[in-house]
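Here is the structure we will look at, set down as structure tokens.
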């Protein structure tokens, strides 16, 4: 709905709600009714203007997610707060070479950790957990000793679009609640303790066994 359309609707509401002087004044009924209608109309008009100001009537619904580069490139330039930036950077350094579906899956793991009582409660805190001890962090790029340089702007824009979609909750459940993953080229010992939930691209995804996850 355009702003001009909304404005026209507001003006129409105003004209309808304008009180009309009663000719008869029969028991004051018509005058009171018109006064009530005027107040109701004014309230509705106020709500319309508030919605227009907040963008509720002009904001488009998110396009359903399609795990493709074409879908990513059709989305508006993403933006957000510090947590969105942290998630975008994590996807860039951890998964930019993955398929789009694989990038969504890695982002999903991070957000699943945010929801779990076993991990910090923000994306930034989850991503930085363990940072400070070389090769003992949760996400390798934060403690491998290398400078984080974003040298591929298009790749960064795409992963930041993935981050925006995941934070907004418009993507589906790809990993069945996974809070861990690893590259298929390695076999970490911890993987034996968890339930494997998915294989997407070059990553395997896991969650703690149901019996040990009852408090989450």
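In my numbering, the protein residues as written are 5 to 220.
Idealized CB from N, CA, C, for every residue including glycine.
Assigned secondary structure, residue 151 (DSSP; H/G/I helix, E/B strand, else coil): coil
Proximity below 7 Å, CB of residue 164 to CB of residue 92: yes
Alpha carbon of residue 159 to alpha carbon of residue 122, nearest angstrom: 31 Å
Alpha-carbon to alpha-carbon, residue 70 and residue 147: 33 Å
Residue 86 classed as buried or exposed, judged by whether at least 16 other C-beta atoms fall within 10 angstroms: Counting Cβ neighbours within 10 Å, residue 86 comes out exposed, since fewer than 16 surround it.
Pairwise C-alpha distance: residue 194 and residue 77: 37 Å
Bounding residues of the beta strand (DSSP E) (the contiguous stretch that carries residue 187): 184-187
Identified DSSP bridge partners for residue 157: Bridge partners of residue 157: none, in fact.
Residue 183 and residue 211 closer than 7 Å at C-beta: yes
Contact check, residue 149 vs residue 141, beta carbons under 7 Å: Not closer than 7 Å, so no.
Contact the stretch 173-180 vs the stretch 93-104: 3+ CB pairs below 8 Å: no
Unbroken alpha helix (DSSP H) run spanning residue 208, endpoints: Not the alpha helix (DSSP H): residue 208 falls in the beta strand (DSSP E), residues 207-212.
Own chain, CB closer than 6 Å to residue 103, minus 5 neighbours either side, in chain order: 205
Proximal residues to residue 192 (C-beta, below 6 Å), its chain only, five neighbours per side dropped: 186
Length of the line joining the Cα atoms of residue 118 and residue 169: 16 Å
Secondary structure of residue 202, DSSP reduced to three states: strand
Simplified DSSP state of residue 128, which is helix, strand or coil: helix
Continuous alpha helix (DSSP H) stretch holding residue 81: start and end: Segment: none, residue 81 is in no alpha helix (DSSP H) and carries neither H nor E.
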